[in-house]
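Take a look at the structure set out below.
Numbering (my numbering), first residue to last: 117 to 283.
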């Protein structure tokens, strides 16, 4: 994972549970729609080769199995849910390996408040000077700590994390 990918993941870290809930809502909607599929009535024209199906190959494919498209979307949702959970678990463990001050700086700079209502209403990326004042460091020291922390997180992303162990 690159430093920019880590930054993007930090920005959505607290929103991942909501994103997972939205994927489950999509799955429920697909299940409902899959169960209400009504095929149009077959137009028997009496022409040779009709056999009750439209002569258009594209129409045949569309009418053949409409539930397949919902099943594909459901599988894609489950895949995205697994990826989101994996990213959240990894980042949670990786942030736990950082110094508490470094984590606090990253929260101020990228993650925002853990409460979604406060984060949506008031979150703006504060200036480095404001972050430096909160942690009693100079602005350049804060930027340096962020760079080092981001590099640590990027390097940790290459390691596989299973049940708290790394390889």
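Backbone N, C-alpha and C define an ideal beta-carbon position, used for all residues, glycine too.
Nothing here was measured: the structure is a model prediction, and the numbers come from that model.
Supposed close pair residue 214, residue 250 - CB separation, criterion 8 Å: The C-beta separation of residue 214 from residue 250 comes to about 17 Å, leaving the pair out of contact by the 8 Å criterion.
CB contact flag (residue 226, residue 127, <8 Å): Residue 127 is positioned such that its CB atom lies closer than 8 Å to that of residue 226.
Spatial distance of residue 188 from residue 142 (CA atoms): When rounded, the distance between both Cα atoms is 12 Å.
The segment 133 to 140 / the segment 217 to 224 touching (three or more Cβ pairs under 8 Å): Touching, no.
Selected residue, minimal CA-CA separation from residue 206, among 216, 275 and 185: The residue with the shortest Cα to Cα distance from residue 206 is 275.
Residue 198, enclosing alpha helix (DSSP H) - first and last residue: Segment 183 to 213, the alpha helix (DSSP H) holding residue 198.
Inter-residue spacing [alpha-carbon to alpha-carbon] between residue 232 and residue 131: Their Cα atoms are separated by approximately 7 Å.
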